[in-house]
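A.B. asks:
In the working numbering, the protein residues as written are 4 to 311.
1. Using only the alpha-carbon positions, how far apart do residue 223 and residue 99 sit?
2. For residue 79, which residues in the same chain have their Cβ closer than 7 Å to its Cβ, ignoring the five residues on either side in sequence?
3. Which same chain residues end up closer than 6 Å to residue 75 when comparing Cβ atoms and leaving out the 5 residues on each side of it in sequence?
4. Mind checking residue 246: buried by the 16 CB within 10 Å criterion, or exposed?
5. Can you give me the Cβ contacts of residue 234 inside the same chain, cut-off strictly under 7 Å, excluding the 5 residues immediately before and after it?
6. Between which two residues does the beta strand (DSSP E) carrying residue 271 extend?
7. Just mark residue 165 as buried or exposed, buried being the case when its beta carbon has 16 or more other beta carbons within 10 Å.
8. Spatial neighbours of residue 149 within its chain, please: C-beta separation below 7 Å, excluding the five flanking residues on both sides.
9. Pick helix, strand or coil for residue 49, following the three-state DSSP scheme.
10. How should residue 54 be labelled, buried or exposed, when 16 other C-beta atoms within 10 angstroms of its C-beta is the threshold for buried?
11. So, for residue 282: in the same chain, excluding its five sequence neighbours on each side, which residues have a beta-carbon less than 6 Å away from its beta-carbon?
12. Which residues in the same chain have their Cβ closer than 6 Å to the Cβ of residue 20, if we skip the five residues on either side of it in sequence?
13. Does the separation of the CB atoms of residue 1 and residue 110 fall below 9 Å?
14. Please report the distance separating the alpha-carbon of residue 191 from that of residue 83.
15. Suppose the cutoff is 6 Å on Cβ atoms and the five residues either side in sequence are ignored; what does the same chain contact list for residue 263 look like?
16. Could you tell me if residue 177 is buried or exposed, where buried requires 16 or more neighbouring beta carbons within 10 angstroms of its beta carbon?
17. Does DSSP put residue 176 in a helix, in a strand, or in coil?
18. Compute the distance between the beta-carbons of residue 271 and residue 238, then report whether it is under 9 Å.
19. In terms of residues, what are the limits of the beta strand (DSSP E) holding residue 188?
20. Could you please give me the residues that DSSP links to residue 265 through a beta bridge?
21. Can you tell me which of the three DSSP states residue 254 falls into?
22. Using a Cβ-Cβ cutoff of less than 8 Å, which residues in the same chain neighbour residue 181 once the five nearest sequence positions on both sides are dropped?
23. Less than 8 Å between the CB atoms is what I'm expecting for residue 87 and residue 44, so what's the real figure, rounded?
24. For residue 286, tell me which candidate among 260, 215 and 14 has the shortest Cα-Cα distance.
25. Secondary structure at residue 161, three-state DSSP: helix, strand or coil?
26. Can you have a look at residue 273 and say buried or exposed, based on whether 16 or more other CB atoms are within 10 angstroms of its CB?
27. So residue 203 packs on residue 103, CB below 8 Å; how close in whole Å?
28. Measure the Cβ-Cβ separation of residue 240 and residue 147 and say whether it is below 9 Å.
29. Provide the residue span of the beta strand (DSSP E) that contains residue 156, from first to last.
30. What residues in its chain sit with their C-beta under 6 Å from that of residue 196, if we drop five residues either side in the sequence?
Written out as structure tokens, the structure is:
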């Protein structure tokens with residue numbers, strides 16, 4: 004519990020500093036900016052032991068690299084202040100992280116919001132399977148998986164349903180998918196199935212733009228969010244269908260669910276996000292310029308090493 008209180012404190016400090024720096028255009032104040040970057044990066048870094056327990060190499064790498072990246076941003080902020088430079092791309096990234104992390108953490112920390120979003124996601128996947136005639140499924144009651152692997156109905160949740168900070172099991176808050184007779188089909192919908200992470204990143208990236216007109220940004224949001232949402236609905240429905248009908252399929256030791264969920268769907272999602280980003284770059288050149296500017300220290304260093 005002490006670790007979770009620490010994570011809450013550093014998250015509040017980090018987000019408050021980033022939000023203040025962005026909205027008051029204080030990117031030239033290296034102390035405020037650095038406090039924000041260190042706080043939010045430490046928050047994600049402290050999640051590393053949890054992902055080690057879950058044996059998820061991708062999330063382990065992402066959470067473990069958060070702190071070094073945060074420290075690098077602190078150094079960049081101090082260098083800019085020392086040289087007297089104002090970096091618009093760095094200010095944009097502060098706003099992007101603030102407006103992405105704030106709603107995501109609010110939903111993940113408030114069980115009622117998490118369960119509501121998970122139910123909404125599961126209901127649409129089941130609806131698609133039913134109207135297409137693929138399978139007549141129903142939703143089970145909301146459940147929660149605790150860190151020790153035990154589960155219970157959400158109605159019997161032992162934590163605070165308005166603010167829960169302690170780590171849960173891999174399933175977290177989930178909705179089991181059932182057949183008409185009430186038997187589980189072996190697939191459940193969790194918060195990660197909602198594509199919230201993908202959508203909220205685009206929201207933060209577009210809201211944080213400074214020079215682009217709001218009309219263009221709203222148009223991009225209308226393009227991006229519904230598209231990601233509908234693609235995710237069919238992704239979830241497809242995974243349920245494949246797992247139910249090809250459960251005995253095996254390739255290189257992987258079952259159908261693992262292959263479809265952990266590899267095929269993730270690769271497809273990344274490709275879709277790449278295409279969406281290209282469209283946004285055409286509509287909002289400022290977004291493209293900010294990303295290129297943030298990559299410049301890496302590309303510049305690479306070019307210098309090649310010249311040597």
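A virtual CB, placed ideally from N, CA and C, is assigned to each residue, including glycine.
C.D. replies: Considering the structure as presented:
1. 15 Å
2. These residues qualify, in order along the chain: 93.
3. none
4. buried
5. 275
6. Counting along the chain, residue 271 falls outside any beta strand (DSSP E), though it belongs to the alpha helix (DSSP H) covering 268 to 286.
7. exposed
8. 171 and 172
9. coil
10. By the C-beta density criterion, residue 54 is buried, having at least 16 other C-beta atoms within 10 angstroms.
11. Within the same chain, and ignoring the five residues on either side of residue 282 in sequence, no residue has its Cβ closer than 6 Å to its Cβ.
12. 35, 38 and 39
13. This structure cannot speak to residue 1, because the chain is shown only from 4 to 311.
14. Residue 191 and residue 83: Cα-Cα distance of roughly 48 Å.
15. Take residue 263, set aside five residues on each side of it, and the residues of its chain with a beta-carbon closer than 6 Å to its own are 242 and 245, in chain order.
16. buried
17. Under the three-state reduction of DSSP, residue 176 is assigned to strand.
18. yes
19. 187 to 193 is the extent of the beta strand (DSSP E) around residue 188.
20. For residue 265, which the question treats as bridged, DSSP gives no partner whatsoever.
21. Three-state DSSP puts residue 254 in a strand.
22. 140, 141, 142, 143, 187 and 188
23. Rounded, the Cβ-Cβ distance is 25 Å, inconsistent with contact.
24. Out of 260, 215 and 14, the CA that lies nearest to the CA of residue 286 is found in 215.
25. coil
26. exposed
27. 5 Å
28. The Cβ atoms of residue 240 and residue 147 lie no closer than 9 Å to each other.
29. Taken as a continuous stretch (DSSP letters only), the beta strand (DSSP E) holding residue 156 covers 154 to 156.
30. Result list for residue 196: 124 and 239, in chain order.
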